[in-house]
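Asks:
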Amino acid sequence: MDDQQMDRQLNIHTGGEQMGFNASMHEHRFEVTPYAWLDVLFRQHPLTGSGRLVDFGSGKGRLNFYAHHLFGTPSTGVEVDPSLHEAALRNLKRLKGNAEIEFSNGYAQDYPIQADDRWFYFFNPFSDPIFMKVIGRILKSVGEHPREVEVLLFYPSVEYTDFLERRTAFEVIGDIPLPDEARDLRERFLVYRLPLWD
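If you want it as structure tokens, here you go:
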């Protein structure tokens with residue numbers, strides 16, 4: 008099933024590209040993760056158990072809607088671009104059925120990490136300093152509300168992975184390559200887990 012077919016099945020519209028330029032060099036342009044590639048991720052790493060998914064740079068909400076469709080996962084999408092945020096809200100109104108999905112318009116580093124936030128998804132949405140601040144907020148939240156959390160990276164930058172592996176206690180638990188047609192070696196998912204210490 009292609010992206011347009013899945014969007015139609017969910018009664019949403021999440022495709023397209025960002026028009027214009029970002030207001031800041033810290034935010035990267037909107038790119039959507041294809042459903043076929045999300046299938047690869049979720050087949051090898053399903054979202055099981057309790058907790059909420061947070062998508063930083065959520066765009067029109069594709070990841071949030073699809074994770075809910077597959078697993079019933081509650082989620083929040085954090086998006087700085089007001090037009091993309093509005094598109095996500097329109098999709099939420101069109102969604103069939105009841106869903107625990109929210110969308111927040113603002114800077115990722117200002118998002119208040121909640122005690123039930125468990126999975127954090129990043130498709131290179133912003134610069135390395137912003138990523139480090141967001142990870143710092145996640146670690147602070149875990150210190151206040153101990154729990155196991157995971158960071159899911161798509162098309163991971165070297166700076167993101169170096170930071171997680173050298174300056175935090177996150178451990179790689181999954182390296183999920185895409186099919187052969189994705190020729191760029193960075194086109195893969197990395198899953199990091201912060202273990203719950205006794």
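Residues in the sequence shown are numbered consecutively from 8, following our numbering. The C-beta atom is built at its ideal place from N, Cα and C for all residues, glycine as well. Since the model is a prediction, treat every value here as computed from it, not as a measurement.
(1) Relative to the C-alpha of Phe49, which residue among Leu185, Leu99 and Lys67 is closest?
(2) For the alpha helix (DSSP H) holding Pro184, just list the boundary residues, first then last.
(3) I need the boundaries of the beta strand (DSSP E) containing Ile142, first residue and last residue.
(4) If we count the other Cβ atoms within 10 Å of its Cβ and call it buried at 16 or more, is Gly66 buried or exposed?
(5) Whose C-alpha, out of Thr55, Val165, Asn18 and Glu93, is nearest the C-alpha of Phe78?
(6) Please state whether the Cβ-Cβ distance between Val179 and Leu203 is less than 9 Å.
(7) Please state whether DSSP places Ser57 in a helix, a strand or coil.
(8) Tell whether a beta-carbon distance below 9 Å holds between Arg59 and Ser90.
Replies: Once the coordinates are examined:
(1) Position 42 of the sequence shown, counted from the start, is the residue given in the question as residue 49. That would be Leu185, whose Cα lies nearest to the Cα of Phe49.
(2) Walking along the sequence shown from the start, residue 184 turns up at place 177. Unbroken run through Pro184 is the beta strand (DSSP E), Glu178 to Pro184; no alpha helix (DSSP H).
(3) Position 135 of the sequence shown, counted from the first residue, corresponds to residue 142. No beta strand (DSSP E) holds Ile142; the alpha helix (DSSP H) holding it covers Asp135 to Glu151.
(4) The residue given as residue 66 occupies position 59 in the sequence shown. Gly66 is buried by the Cβ-count criterion.
(5) Taking the first residue of the sequence shown as 1, we reach residue 78 at position 71. With distances taken between Cα atoms, Phe78 lies closest to Thr55.
(6) Reading the sequence shown from its first residue, position 172 is the one you call residue 179. Reading the sequence shown from its first residue, position 196 is the one you call residue 203. The answer is no: Cβ separation not under 9 Å.
(7) The residue given as residue 57 occupies position 50 in the sequence shown. DSSP places Ser57 in coil when its eight states are reduced to three.
(8) Reading the sequence shown from its first residue, position 52 is the one you call residue 59. Reading the sequence shown from its first residue, position 83 is the one you call residue 90. No, the Cβ-Cβ distance between Arg59 and Ser90 is not below 9 Å.
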